[in-house]
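Order-wise, the sequence lines are chains A and B. Terminal number for the first sequence in numbering that gives the first Met the number 0: 494, no gaps in between. Terminal number for the second sequence in numbering that gives the first Met the number 0: 494, no gaps in between.
Protein chains: 2
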Amino acid sequence: MITYSFTDIGSETLYQHLYHCLKNDIVAGNLKENDRLPSKRSFAKNLGISVITVENAYAQLLAEGYIYSIPKKGFFVETIPDAVRMRYQETSTMEGETESYGDDISPAGKGTALLADFASNRNHPDHFPFSVWAKLSKETMAQDPHGLMTPSPANGVYELRVAICRHLSDFRGMKVDPSQVIIGAGTEYLYSLLIQLLGYDKIYAIENPGYKKLYQIYQSHHVICRAISMDEKGVSMEQLLKSDTDVLHITPAHHFPTGIVTQIGRRYELLNWAAASERRYIIEDDFDSEFRMVGRSIPMLQSIDMQGKVIYMNTFSKSLSSTIRISYMILPPNLAEKFHEKLGFYSCTVSTFDQFILAGFIERGYFEKHINRMRTYYKNLQRRLIENIKNSSVASKVEIAEEEAGLHFLLKLETSLTDRQIVEKAMTMGYRVLTLSECYIRDDSKESWKTTDIKQAATDRRNAVKDTHTLVINYSGMEEEQLPMINGLLEELCR
Amino acid sequence: MITYSFTDIGSETLYQHLYHCLKNDIVAGNLKENDRLPSKRSFAKNLGISVITVENAYAQLLAEGYIYSIPKKGFFVETIPDAVRMRYQETSTMEGETESYGDDISPAGKGTALLADFASNRNHPDHFPFSVWAKLSKETMAQDPHGLMTPSPANGVYELRVAICRHLSDFRGMKVDPSQVIIGAGTEYLYSLLIQLLGYDKIYAIENPGYKKLYQIYQSHHVICRAISMDEKGVSMEQLLKSDTDVLHITPAHHFPTGIVTQIGRRYELLNWAAASERRYIIEDDFDSEFRMVGRSIPMLQSIDMQGKVIYMNTFSKSLSSTIRISYMILPPNLAEKFHEKLGFYSCTVSTFDQFILAGFIERGYFEKHINRMRTYYKNLQRRLIENIKNSSVASKVEIAEEEAGLHFLLKLETSLTDRQIVEKAMTMGYRVLTLSECYIRDDSKESWKTTDIKQAATDRRNAVKDTHTLVINYSGMEEEQLPMINGLLEELCR
Chain A
0 MITYSFTDIG SETLYQHLYH CLKNDIVAGN LKENDRLPSK RSFAKNLGIS
50 VITVENAYAQ LLAEGYIYSI PKKGFFVETI PDAVRMRYQE TSTMEGETES
100 YGDDISPAGK GTALLADFAS NRNHPDHFPF SVWAKLSKET MAQDPHGLMT
150 PSPANGVYEL RVAICRHLSD FRGMKVDPSQ VIIGAGTEYL YSLLIQLLGY
200 DKIYAIENPG YKKLYQIYQS HHVICRAISM DEKGVSMEQL LKSDTDVLHI
250 TPAHHFPTGI VTQIGRRYEL LNWAAASERR YIIEDDFDSE FRMVGRSIPM
300 LQSIDMQGKV IYMNTFSKSL SSTIRISYMI LPPNLAEKFH EKLGFYSCTV
350 STFDQFILAG FIERGYFEKH INRMRTYYKN LQRRLIENIK NSSVASKVEI
400 AEEEAGLHFL LKLETSLTDR QIVEKAMTMG YRVLTLSECY IRDDSKESWK
450 TTDIKQAATD RRNAVKDTHT LVINYSGMEE EQLPMINGLL EELCR
Chain B
0 MITYSFTDIG SETLYQHLYH CLKNDIVAGN LKENDRLPSK RSFAKNLGIS
50 VITVENAYAQ LLAEGYIYSI PKKGFFVETI PDAVRMRYQE TSTMEGETES
100 YGDDISPAGK GTALLADFAS NRNHPDHFPF SVWAKLSKET MAQDPHGLMT
150 PSPANGVYEL RVAICRHLSD FRGMKVDPSQ VIIGAGTEYL YSLLIQLLGY
200 DKIYAIENPG YKKLYQIYQS HHVICRAISM DEKGVSMEQL LKSDTDVLHI
250 TPAHHFPTGI VTQIGRRYEL LNWAAASERR YIIEDDFDSE FRMVGRSIPM
300 LQSIDMQGKV IYMNTFSKSL SSTIRISYMI LPPNLAEKFH EKLGFYSCTV
350 STFDQFILAG FIERGYFEKH INRMRTYYKN LQRRLIENIK NSSVASKVEI
400 AEEEAGLHFL LKLETSLTDR QIVEKAMTMG YRVLTLSECY IRDDSKESWK
450 TTDIKQAATD RRNAVKDTHT LVINYSGMEE EQLPMINGLL EELCR
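Next comes the structure, spelled out in structure tokens:
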């Protein structure tokens with residue numbers, strides 16, 4: 000069995016040390032492709048450390064793509080592309096092991112075993128307005144210490160809610176009162192509040208295909224959740240009406256991942272559906288509205304809702320950074336009242352410091368400037384990425400769709416590979432890709448997840464897998480030098 | 000009907016304007032004690048504004064104690080103590096209406112209609128280490144922009160988890176691995192994660208009397224929650240064994256609000272109880288451990304738990320500020336593993352900015368210094384408050400208990416008033432107080448809350464109300480000049 004010394008590990012914890020030893024051996028080739036790592040228990044016993052320490056090191060290596068796991072069989076060494084090996088060796092020599100550690104340890108850090116990640120929707124770090132943020136942060140602390148120490152109301156600091164309302168009024172034409180705004184630490188948290196507000200007894204529904212995390216969140220809260228298929232006008236009315244849905248969670252302005260924009264007629268059909276029962280509500284998730292590449296001509300559901308049936312959601316994750324964790328929702332007045340009654344005892348989950356800084360950032364026009372700058376940046380990035388693809392030797396075998404939709408587009412491939420083979424082949428080359436077929440909700444759980452139309456979903460999935468071989472390309476976090484890499488990848492996939 | 004002009008309201012929103020008009024009329028005496036305010040609907044119609052705007056202004060006035068509501072009857076003007084009238088008039092003259100607005104608008108702001116709040120557990124704003132925090136904030140942004148833009152793992156930034164482990168090891172003798180730490184935006188949020196982790200099918204239990212918000216949180220998540228009485232050694236084993244509890248949520252180091260410390264024998268009994276079934280866990284809530292005034296001789300449950308049955312919880316709300324929203328829990332290794340499996344898809348709810356700043360704050364020794372300074376400060380504050388009471392003319396009619404327990408103590412009164420009358424009388428004088436009897440969990444809900452021993456709880460509550468007249472005095476947020484006020488209050492209450 001492999002063994003390492005733990006006697007002279009400096010400032011590293013046991014877990015970090017083990018992680019580094021294993022990673023070095025994998026990259027150096029001492030541990031070979033498909034080698035089986037020792038079982039956690041026996042390895043821990045041999046090294047005289049705890050099982051959780053080994054567990055932790057394995058989890059880290061797994062997250063970074065250095066090893067893979069086969070349930071009931073164990074952990075195995077991943078294929079490491081030569082390019083990664085070389086880059087890692089360069090980095091080690093240049094920066095020294097200690098220097099590079101700080102970045103390596105995080106699953107999403109620079110030291111990941113990927114050359115490029117076309118599946119991740121994170122933001123590019125170089126574009127966050129650090130200097131303005133630092134300035135506002137300093138000013139906020141100097142000017143209003145008392146405000147910062149005053150507990151925020153359950154729905155958030157008043158100043159931030161006002162700033163959000165002005166922004167929505169000026170740039171989206173939405174007329175909402177600050178009392179309707181609820182601030183929370185990320186949309187995931189807001190979904191949890193909504194379930195508590197609307198009820199555990201309600202039946203929720205999401206779009207299929209869709210954003211898988213939503214399914215996980217509803218499932219984790221033990222509420223029933225349906226998956227409703229899409230047609231070309233939006234979420235299928237036929238399926239919705241056949242289902243027993245109470246709360247419909249959709250992305251009408253820009254469906255993820257297909258980019259379908261819900262048509263105006265369908266919007267009114269949806270509002271009529273909601274108005275037909277007291278139990279019904281629509282969650283309008285407007286997650287990357289700031290970066291849609293074309294003008295908006297279709298009004299938002301929130302704006303044309305006359306019955307208080309639409310809950311509007313948005314986040315600063317896409318527009319600023321997913322790491323600052325600030326999102327908001329706009330409740331119709333009746334629900335805003337109910338929120339204060341039922342959930343007003345909760346503390347707001349966002350630090351008052353961050354709320355005041357963001358309020359200043361919006362009020363003083365920095366947010367709008369930032370959005371404009373980033374919109375141009377992403378437009379150029381996308382244009383160059385697409386140019387690259389169109390100039391590649393396999394240009395005739397690929398088709399680009401929905402490129403006006405936001406921070407991702409679709410790429411259809413002519414290939415003999417299955418979707419699963421596409422993902423695996425890309426991974427062996429050092430790339431992570433997301434296929435459209437992976438965005439279909441599967442009927443995994445027997446407990447709480449009962450789709451109304453399992454057969455339909457299965458058919459949709461089969462069609463997706465059979466016909467299209469479509470990649471969902473998220474480009475927002477890509478580096479300049481990663482743009483040309485897509486050609487090599489596509490050539491390999493379309494061969 | 001009262002009417003106000005909305006034509007020239009400057010930068011105020013409609014809601015702010017109405018709030019200020021009404022408040023001015025109440026404080027100036029134009030609206031008199033017990034005057035009924037117009038109904039929301041008719042007022043809105045008359046003023047030509049929306050119902051939600053009136054709603055909002057009323058809610059604000061209610062939260063600040065300027066008005067009170069009687070269900071089905073409406074809103075009425077509260078008795079405003081002369082001292083408040085005078086102070087308000089001074090403030091208005093000195094600062095001008097526009098200046099004081101920023102503080103006034105928040106329910107917990109300076110402009111509240113209270114002279115002192117003996118029920119609130121908020122921190123005193125003057126003692127937050129703003130200069131160090133600002134320095135670390137600036138350094139963090141300058142030094143590691145890449146780290147700040149890298150999404151935090153679901154359980155929090157590694158650096159902060161390491162810092163917390165070192166702190167717990169150095170100052171509490173706890174040996175835990177960073178992989179066991181889960182960072183979240185407040186303990187309230189962590190409870191929600193725990194329910195998802197341990198299961199909606201489990202039966203939870205809290206202490207009675209106890210922290211009422213816990214009851215609200217479990218209820219809001221639609222899980223069954225029991226209330227278990229206390230005896231002199233801790234939570235009652237007899238009641239616990241009779242109940243069907245799976246997950247017991249307790250404050251063994253310092254029961255809120257009675258201050259009972261769970262005895263060592265009882266601690267082992269509790270661990271044995273937990274070990275007897277796979278479904279059972281204990282949540283050890285250590286909410287104000289940093290400020291306990293006496294040395295700790297009884298080991299924590301977490302430290303003597305050999306079976307992986309104890310979940311330890313703590314927060315930076317008490318030790319730093321409730322407004323920064325950072326708490327953590329330590330899971331036993333088996334649950335830490337389950338967390339990553341079941342809930343690893345969640346984003347951590349705390350901003351990476353705040354996590355890195357706090358990590359630096361702990362690692363560089365500022366946290367320990369701050370705790371030491373505040374411990375001395377609170378000790379002195381408490382000593383002087385108690386001296387005041389002992390020197391008052393009603394010293395013989397009051398008895399102080401549990402003053403070594405943390406940031407609150409108990410004050411038993413000899414009085415002919417009922418507990419309800421105590422609270423009301425204090426409020427008319429401009430003081431908010433909390434009675435021990437209010438901390439008993441009542442059986443309000445017919446749906447999900449079924450205490451195992453409603454009769455016992457009712458008896459406990461009756462005894463509490465009949466015998467003791469005990470106030471729970473939270474002094475952590477008190478101002479220097481508020482200390483002598485307690486004498487006038489006690490003299491009035493014990494007359």
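Think of the CB as a built atom: it goes at the ideal place given N, C-alpha and C, for glycine as much as any other residue.
Classification of B:Met477 by the beta-carbon crowding that lies within 10 angstroms, buried from 16 upward: Locating residue 477 of chain B in the second sequence gives position 478, where the first residue counts as 1. Buried, by the Cβ-count rule.
- prompt: Grouping DSSP H, G and I as helix and E and B as strand, with all else coil, what is A:Ser395?
  reply: Residue 395 of chain A sits at position 396 when you count from the first residue of the first sequence. Helix at A:Ser395.
- prompt: Relative to the C-alpha of A:Thr244, which residue among A:Thr149, A:Ile281, A:Ile421 is closest?
  reply: Here the question's residue 244 of chain A lines up with position 245 in the first sequence. Measuring from the Cα of A:Thr244, the nearest candidate turns out to be A:Ile281.
- request: Taking 8 Å as the cut-off, decide whether the C-beta atoms of A:Ala274 and A:Lys241 are in contact.
  value: Locating residue 274 of chain A in the first sequence gives position 275, where the first residue counts as 1. Locating residue 241 of chain A in the first sequence gives position 242, where the first residue counts as 1. Result no, Cβ atoms of A:Ala274 and A:Lys241 do not sit closer than 8 Å.
message: When you compare the CB positions of A:Gln59 and A:Tyr18, do they come within less than 8 Å of one another, or not?
response: As a first step, residue 59 of chain A must be located in the first sequence, where it is residue number 60. As a first step, residue 18 of chain A must be located in the first sequence, where it is residue number 19. Yes.
task: Enumerate, from N- to C-terminal direction, the unbroken alpha helix (DSSP H) stretches of 4 or more residues contained entirely within the stretch 404 to 431 of chain B.
output: 418 to 428
- prompt: Is B:His502 helix, strand or coil when you go by DSSP?
  reply: This structure gives no information on residue 502 of chain B, because the portion of chain B shown stretches from 0 to 494.
Identity of the residue in B:Arg494, B:Ile440, B:Gly429, B:Tyr67 nearest B:Ala118 by Cα: Translated into the one-based positions of the second sequence, residue 118 of chain B becomes position 119. Considering only alpha carbons, the answer is B:Gly429.
task: From the DSSP output, in three-state form, read off B:Tyr65 for me.
output: Position 66 of the second sequence, counted from the first residue, corresponds to residue 65 of chain B. The answer is coil: DSSP assigns B:Tyr65 none of H, G, I, E or B.
task: Have a look at A:Cys164 and B:Pro144 and give me their C-alpha separation to the nearest angstrom.
output: Numbered from its first residue, the first sequence carries residue 164 of chain A at position 165. Numbered from its first residue, the second sequence carries residue 144 of chain B at position 145. If I take the Cα positions, the gap works out to 30 Å.
Backbone secondary structure at A:Ile440 - three-state DSSP: Position 441 of the first sequence, counted from the first residue, corresponds to residue 440 of chain A. It is coil, neither helix nor strand.
query: Are the C-beta of B:Leu113 and some C-beta of chain A separated by less than 8 Å?
result: On the second sequence, residue 113 of chain B is found 114 positions in, with the first residue counted as 1. Judged by the 8 Å Cβ criterion, B:Leu113 is not in contact with chain A.
- request: Under 8 Å by Cβ, that's how I've got A:Asp284 and A:Thr250 pegged, so tell me the actual separation to the nearest angstrom.
  value: On the first sequence, position 285 is the one that residue 284 of chain A refers to. On the first sequence, position 251 is the one that residue 250 of chain A refers to. Right, the Cβ-Cβ distance comes to about 5 Å (below 8 Å), so this counts as a contact.
Continuous beta strand (DSSP E) stretch holding B:Ala204: start and end: Position 205 of the second sequence, counting from 1, holds the residue named residue 204 of chain B. Start and end: 203 to 207.
query: Is it true that the CB of A:Gln301 sits closer than 8 Å to the CB of A:Ile329?
result: Here residue 329 of chain A refers to the residue found at position 330 of the first sequence. Here residue 301 of chain A refers to the residue found at position 302 of the first sequence. It is a contact, given that the beta carbons lie within the stated cut-off.
Reduced DSSP secondary structure (H/G/I, E/B, other) of A:Ser168: Position 169 of the first sequence, counted from the first residue, corresponds to residue 168 of chain A. Looking at A:Ser168 - three-state DSSP - the assignment turns out to be helix.
query: Using a beta-carbon distance cut-off of less than 8 Å, what residues from the stretch 35 to 55 of chain B approach chain A?
result: Ser49, Val50, Ile51, Thr52, Glu54, Asn55
message: Is the beta carbon of A:Asn122 closer than 8 Å to that of A:Ser395?
response: Reading the first sequence from its first residue, position 396 is the one you call residue 395 of chain A. Reading the first sequence from its first residue, position 123 is the one you call residue 122 of chain A. Against a cut-off of 8 Å, the Cβ pair of A:Asn122 and A:Ser395 comes out as no contact.
- request: Measure from the alpha carbon of B:Tyr523 to the alpha carbon of each residue in B:Phe355, B:Glu402, B:Gly47, then state which is nearest.
  value: No information on residue 523 of chain B is available, as it lies outside the stretch 0 to 494 that chain B covers here.
query: Among B:Val26, B:Tyr57, B:Asn33, which one has its Cα closest to the Cα of B:Arg40?
result: As a first step, residue 40 of chain B is located in the second sequence; it is residue number 41 there, counting from the start. Ranking the options by Cα distance to B:Arg40, first place goes to B:Tyr57.
task: Tell me whether the beta-carbon of A:Phe344 lies closer than 8 Å to the beta-carbon of A:Asn154.
output: As a first step, residue 344 of chain A must be located in the first sequence, where it is residue number 345. As a first step, residue 154 of chain A must be located in the first sequence, where it is residue number 155. No, the Cβ-Cβ distance between A:Phe344 and A:Asn154 is not below 8 Å.
task: Give a yes or no on whether the minimum CB-CB distance between A:Gly185 and chain B is below 8 Å.
output: In the first sequence, the residue the question calls residue 185 of chain A occupies position 186. So yes, A:Gly185 belongs to the interface.
Local Cβ density within 10 Å of A:Phe170, reported as buried at 16 or more and exposed below that: For the purposes of this step, residue 170 of chain A is identified with residue 171 of the first sequence, where counting begins at 1. Classification for A:Phe170: exposed.
query: Beta carbon of B:His220, beta carbon of A:Gln195: below 8 Å?
result: Locating residue 220 of chain B in the second sequence gives position 221, counting from the first residue. Locating residue 195 of chain A in the first sequence gives position 196, counting from the first residue. Cβ distance < 8 Å, so B:His220 and A:Gln195 count as in contact.
- prompt: If we cut at 8 Å on Cβ distances, does B:Ser99 have a partner in chain A?
  reply: In the second sequence, counting from the first residue as 1, residue 99 of chain B sits at position 100. Bear in mind that a pLDDT of 26 at B:Ser99, under 50, signals an unreliable position, so the model cannot answer this.
field: Reduced DSSP category for A:Gly471 - H, G, I as helix; E, B as strand; rest coil
entry: Here the question's residue 471 of chain A lines up with position 472 in the first sequence. Reading the sequence as shown, one finds Val at residue 471 of chain A and not Gly. The answer is strand: DSSP assigns A:Val471 an E or B state.
message: By the three-class DSSP mapping on this structure, what secondary structure does A:Ile176 have?
response: The residue you call residue 176 of chain A lines up with position 177 of the first sequence. Checking the sequence shown, residue 176 of chain A turns out to be Asp, not Ile. DSSP places A:Asp176 in coil when its eight states are reduced to three.
- prompt: Under three-state DSSP, which class holds A:Gly487?
  reply: Your numbering for residue 487 of chain A matches position 488 in the first sequence. Helix.
task: Could you tell me how far apart the beta carbons of A:Ile310 and A:Leu334 are, in whole angstroms, since I believe they sit closer than 8 Å?
output: Position 311 of the first sequence holds residue 310 of chain A. Position 335 of the first sequence holds residue 334 of chain A. Indeed they touch by this definition, with Cβ atoms about 7 Å apart.
Proximal residues of chain B, C-beta to C-beta of A:Asp353 below 8 Å: Here residue 353 of chain A corresponds to residue number 354 of the first sequence, with the count starting at 1. Per Cβ cutoff of 8 Å: Ser350, Phe352, Asp353.
Reference A:Leu470; option with closest CA among A:Pro37, A:Leu488, A:Ser391, A:Glu336: For the purposes of this step, residue 470 of chain A is identified with residue 471 of the first sequence, where counting begins at 1. Comparing Cα positions, the closest option is A:Leu488.
query: Who are A:Asp284's beta bridge partners in DSSP?
result: If you number the first sequence from 1, residue 284 of chain A lands on position 285. BP columns for A:Asp284 point to A:Met312.
query: Between B:Thr314 and B:Phe286, which are expected to be in contact by the criterion C-beta below 8 Å, what is the C-beta distance as a whole number of angstroms?
result: Reading the second sequence from its first residue, position 315 is the one you call residue 314 of chain B. Reading the second sequence from its first residue, position 287 is the one you call residue 286 of chain B. Their Cβ separation, rounded to whole angstroms, is 6 Å, which keeps B:Thr314 and B:Phe286 in contact under 8 Å.
task: In the DSSP assignment, find the unbroken beta strand (DSSP E) run with A:Cys495 in it and report its ends.
output: The first residue shown for chain A is 0 and the last is 494, placing residue 495 of chain A beyond what the model contains.
B:Met140 beta carbon less than 8 Å from that of A:Phe255: Here residue 255 of chain A corresponds to residue number 256 of the first sequence, with the count starting at 1. Here residue 140 of chain B corresponds to residue number 141 of the second sequence, with the count starting at 1. Not in contact: A:Phe255 and B:Met140 (Cβ atoms no closer than 8 Å).
Min CB distance B:Ser326 to chain A below 8 Å: Stepping through the second sequence from its first residue, residue 326 of chain B is reached at position 327. Taking Cβ atoms only, chain A never reaches closer than 8 Å to B:Ser326, which makes this a no.
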